[in-house]
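Participant: My numbering puts the first residue of the sequence shown at 325, with every later residue one more than the last. We treat Cβ as the ideally placed atom computed from N, Cα and C, and that holds for glycine.
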Amino acid sequence: MKTIKRLFVLFIISLAIALVYYFTADDVVVSSWSTKVGEVIAVTVPVFILISLLYFVNRAMVRSVKGMAKKSPPKKEGQDTV
Numbered sequence: 325m326k327t328i329k330r331l332f333v334l335f336i337i338s339l340a341i342a343l344v345y346y347f348t349a350d351d352v353v354v355s356s357w358s359t360k361v362g363e364v365i366a367v368t369v370p371v372f373i374l375i376s377l378l379y380f381v382n383r384a385m386v387r388s389v390k391g392m393a394k395k396s397p398p399k400k401e402g403q404d405t406v
């Protein structure tokens, strides 16, 4: 359930980025609402995919780093263990 909530948050962030991109690129003349919505969705999908990939790669890296245990060097023969 946490993953669905996180994906929803990532989608909202992607939508916000797409809206910001749309309003900064306002030199394109668009006449209807359906065209505007289509353009925002067309930008939202690739941004969502990119952000999701970055999120899951980062999550995998954090898990692998946490999983690594600090290893001590091997003991040589004849060393005392104090």
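Considering only residues of the same chain and omitting the five flanking positions on each side of V364, which have a CB-CB separation below 8 Å?
Facilitator: As a working mapping, residue 364 is identified with position 40 in the sequence shown. Around V364: L339, A342, L343 and Y346.
Participant: The alpha helix (DSSP H) with A340 in it runs from where to where?
Facilitator: What you label residue 340 is simply residue 16 of the sequence shown in a count that begins at 1. Element bounds for A340: K326 to T348.
Participant: At the level of alpha carbons, what is the spacing between F335 and M385?
Facilitator: On the sequence shown, residue 335 is found 11 positions in, with the first residue counted as 1. On the sequence shown, residue 385 is found 61 positions in, with the first residue counted as 1. So the alpha carbons of these two residues sit roughly 22 Å apart.
Participant: For I373 and I337, which I take to be in contact (beta-carbon distance under 8 Å), what is that distance rounded to the nearest angstrom?
Facilitator: Here residue 373 refers to the residue found at position 49 when the sequence shown is read from its first residue. Here residue 337 refers to the residue found at position 13 when the sequence shown is read from its first residue. That belief does not hold up - the Cβ atoms of I373 and I337 are roughly 13 Å apart, past 8 Å.
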